[in-house]
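Have a look at the structure below before the remarks.
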Amino acid sequence: MKISAASTPSPFVPSVLFAGRTLERVIPNKKVPAWLLWLLKLPGVNRLGLAERPRELVRFFKFATVGTIGASVDFTVLNVLVLVAGWTKFWANIVSVTCAISSNFTWNRLWTFPESTERPIPTQFGKFAMINVVGLAINQIVFLSADALLYSKIAPHPLNYNLAKATAIALVLFWNYFANRAWTYRGIR
């Protein structure tokens with residue numbers, strides 16, 4: 008990835024070049040946020056190949072936005088079940104992730120990958136669900152491990168599970184995107 012400050016609308020924000028085109032040309036008529044440029048410069052993001060495929064980068068951010076909505080659903084259901092209903096974190100997490108998966112499938116089908124609406128819902132949801140079951144397992148392991156670590160070692164507080172949950176969601180985002188892109192939404196350009 009190449010950084011250039013010559014063709015940017017703002018003298019303070021450098022442009023990122025995508026195969027010879029600046030991000031401003033890829034996303035026309037929009038000011039490119041500095042945080043996005045910073046993110047694109049990270050070595051891990053560059054290894055994912057998103058910087059070289061601007062359409063895929065936009066999809067990834069749409070997927071992450073949908074994931075943020077799903078995370079809101081996830082946190083809300085988790086906290087209501089733990090704090091109000093008195094459920095254990097184990098079962099509350101399973102139910103909250105299931106609610107988030109349903110929300111994410113709907114919005115990803117309609118907004119992130121609108122071309123996928125031509126495919127049968129049962130087949131597509133089945134693939135999405137299988138990938139997310141693996142994501143749930145990863146989420147559960149990270150969530151429960153981070154919760155135990157935070158509570159016992161770092162700062163015992165009854166709401167530490169929210170930080171553990173945020174960690175689990177952040178890690179599972181990448182699994183969910185790339186696995187769904189490769190299987191559920193394969194062939195969509």
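So in my numbering, spot 35 of the sequence shown is number 42, and the numbers just go up one at a time.
Glycine included, C-beta positions come from ideal geometry on N, C-alpha and C.
My parser needs the alpha helix (DSSP H) runs of 4 or more residues fully inside the stretch 65 to 103; what are they?
none
Quick one: residues in its chain with C-beta nearer than 7 Å to the C-beta of Val84, no 5 flanking neighbours on either side, listed in chain order?
Within the sequence shown, the letter at position 77 stands for residue 84. Excluding residues within five positions, the ones whose Cβ falls inside 7 Å are Val102, Ser103, Cys106.
How many whole angstroms separate the CB atoms of Ile145 and Trp182, which I take to be in contact at a CB cut-off of 8 Å?
What you label residue 145 is simply residue 138 of the sequence shown in a count that begins at 1. What you label residue 182 is simply residue 175 of the sequence shown in a count that begins at 1. Going by Cβ atoms, the distance from Ile145 to Trp182 rounds to 6 Å, so yes, they are a contact pair.
Test item: CB-CB of Glu122 and Ile195 under 9 Å
In the sequence shown, counting from the first residue as 1, residue 122 sits at position 115. In the sequence shown, counting from the first residue as 1, residue 195 sits at position 188. Cβ distance < 9 Å, so Glu122 and Ile195 count as in contact.
Classify Val179 as buried or exposed, calling it buried when 16 or more other Cβ atoms lie within 10 Å of its own Cβ.
Counted from its first residue, the sequence shown places residue 179 at position 172. Buried, since its Cβ has 16 or more Cβ neighbours within 10 Å.
For the stretch 156 to 176 against the stretch 117 to 131, are there 3 or more C-beta pairs whose distance is under 8 Å?
no
Sequence-distant residues of its chain with Cβ nearer than 7 Å to Trp190 (five each side left out)
If you number the sequence shown from 1, residue 190 lands on position 183. If we look at Trp190 and ignore the five residues flanking it on each side, its Cβ neighbours are Lys134, Ile138.
Which of the three DSSP states is assigned to Gly142 in this structure?
Position 135 of the sequence shown holds residue 142. It is helical.
Excluding five sequence neighbours on each side, which residues of the same chain lie with their C-beta closer than 6 Å to the C-beta of Gly74?
The residue you call residue 74 lines up with position 67 of the sequence shown. If we look at Gly74 and ignore the five residues flanking it on each side, its Cβ neighbours are Leu180.
Mark Lys160 as exposed unless 16 or more other C-beta atoms lie within 10 angstroms of its C-beta, in which case mark it buried.
Against the sequence shown, residue 160 aligns to sequence position 153. Flag for Lys160 reads exposed.
Within the same chain, show all residues whose beta-carbon is closer than 8 Å to that of Asn86, passing over the 5 residues directly before and after it, in chain order.
Walking along the sequence shown from the start, residue 86 turns up at place 79. Excluding sequence neighbours, Asn86 sits near Asn169.
What's the call for Tyr184, buried or exposed, on a 16-neighbour Cβ count within 10 Å?
Here residue 184 is taken as the residue at index 177 of the sequence shown, counted from 1. Under this definition Tyr184 is a buried residue.
Jot down the residue ranges of each uninterrupted alpha helix (DSSP H) in the stretch 121 to 192, minimum 4 residues, whole runs only, in chain order.
128 to 156, 167 to 189
In terms of alpha-carbon separation, which member of Arg66, Val80, Thr174 lies closest to Leu117?
Residue mapping note: residue 117 aligns to position 110 of the sequence shown, counting from 1. The shortest Cα separation from Leu117 among Arg66, Val80, Thr174 belongs to Arg66.
With a threshold of 8 Å on Cβ separation, who are the neighbours of Trp98 within its own chain once the five nearest residues in sequence on each side are excluded?
Stepping through the sequence shown from its first residue, residue 98 is reached at position 91. Here the set comprises Leu88.
Using the beta-carbon count (16 or more within 10 Å), is Leu156 buried or exposed?
On the sequence shown, residue 156 is found 149 positions in, with the first residue counted as 1. Looking at its Cβ environment, which holds fewer than 16 other Cβ atoms inside 10 Å, Leu156 is exposed.
Collapsed DSSP secondary structure at Ile108 in the structure displayed:
On the sequence shown, residue 108 is found 101 positions in, with the first residue counted as 1. Helix, per DSSP.
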